[in-house]
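Note sheet for the following structure.
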Amino acid sequence: MYEADKDNFSRFLIEIRPRLNEIGAVLSVDVTAPDGAPEWSLCYDRYTIGKVADYVMFMAYDQYGSSSKKAGSTASYDWVEKNINKFIKQEGVEANKIILGIPLYTRLWKENGSEVTSIVVAMKNEDKYIKSETTWLESAQQKYVEYTDKNITYKMWIEDEDSIRQKLNLIKKYNLTGAAFWQKGFEKDDIWQIVKSQIME
40 MYEADKDNFS RFLIEIRPRL NEIGAVLSVD VTAPDGAPEW SLCYDRYTIG KVADYVMFMA
100 YDQYGSSSKK AGSTASYDWV EKNINKFIKQ EGVEANKIIL GIPLYTRLWK ENGSEVTSIV
160 VAMKNEDKYI KSETTWLESA QQKYVEYTDK NITYKMWIED EDSIRQKLNL IKKYNLTGAA
220 FWQKGFEKDD IWQIVKSQIM E
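Below, the structure written as structure tokens:
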């Protein structure tokens, strides 16, 4: 969506709201992290969306996405927490309307000289790409692996039971309303038990 269409999108939500009320429908709007590119972030009036919608789903992933020229985490804990605070304090969205979107995937980064590329790796397939010892990154609250093969450096910030558990802790810490995930089928089987124990019990 273009930044120039920000107000039009808000107006669309304002006008559709009463019609959704008539049929008892819930209005949930997915948005990206505040700040950033015009067509990715600046195109949303999160304050207005937060006032009109029942829920605002923060897509807390692609911190470093497919277009990034630098390798990095898909959703480091410190980045997610920083942006939750932006939603509440900077954008004026009520905490109890925020649903935290959590990735069930990561990226395998390839650095070949100055060329940086990546592929999406589902959580359930990560183990096949972990070819050396992992390191725990305290600020990111996730494991990290790096290795070199045929003069190409591979890097991966791992999304697993530990990283998901830490991100789920943010829901209680900030009194958010719940969690969402991208995407079903990418996860390891035991992830749903962690979700159940962290936010459903």
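Heads up, the sequence shown is in this note's numbering, so the first residue is 40 and it goes up one at a time.
A virtual CB, placed ideally from N, CA and C, is assigned to each residue, including glycine.
For the 9 angstroms CB-CB criterion, Leu207 and Leu139 form a contact. The three-state secondary structure of Tyr103, taken from DSSP, is coil. By the C-beta criterion, the segment 184-191 is judged not to be in contact with the segment 220-234, since fewer than 3 inter-stretch pairs fall below 8 angstroms. Scanning the segment 71-151 from its first residue to its last, the whole beta strand (DSSP E) runs of 3-plus residues come out as 94-98, 137-142, 144-151. Taking a 10 Å sphere around the C-beta of Phe51, we find fewer than 16 other C-beta atoms and assign the residue as exposed. Counting of Cβ neighbours within 10 angstroms places Lys121 among the exposed residues, the total staying below 16. Judged by DSSP secondary structure, Phe225 falls outside any alpha helix (DSSP H); it is assigned neither H nor E.
For Ile158, the enclosing beta strand (DSSP E) begins and ends at 154-161. With a cut-off of 8 angstroms on Cβ pairs, the segment 95-115 is in contact with the segment 194-202, counting three or more such pairs. Per DSSP, Lys182 is not a residue of any alpha helix (DSSP H); the beta strand (DSSP E) it occupies stretches across 181-188. Per DSSP, the beta-bridge partners of Ala218 are Leu139.
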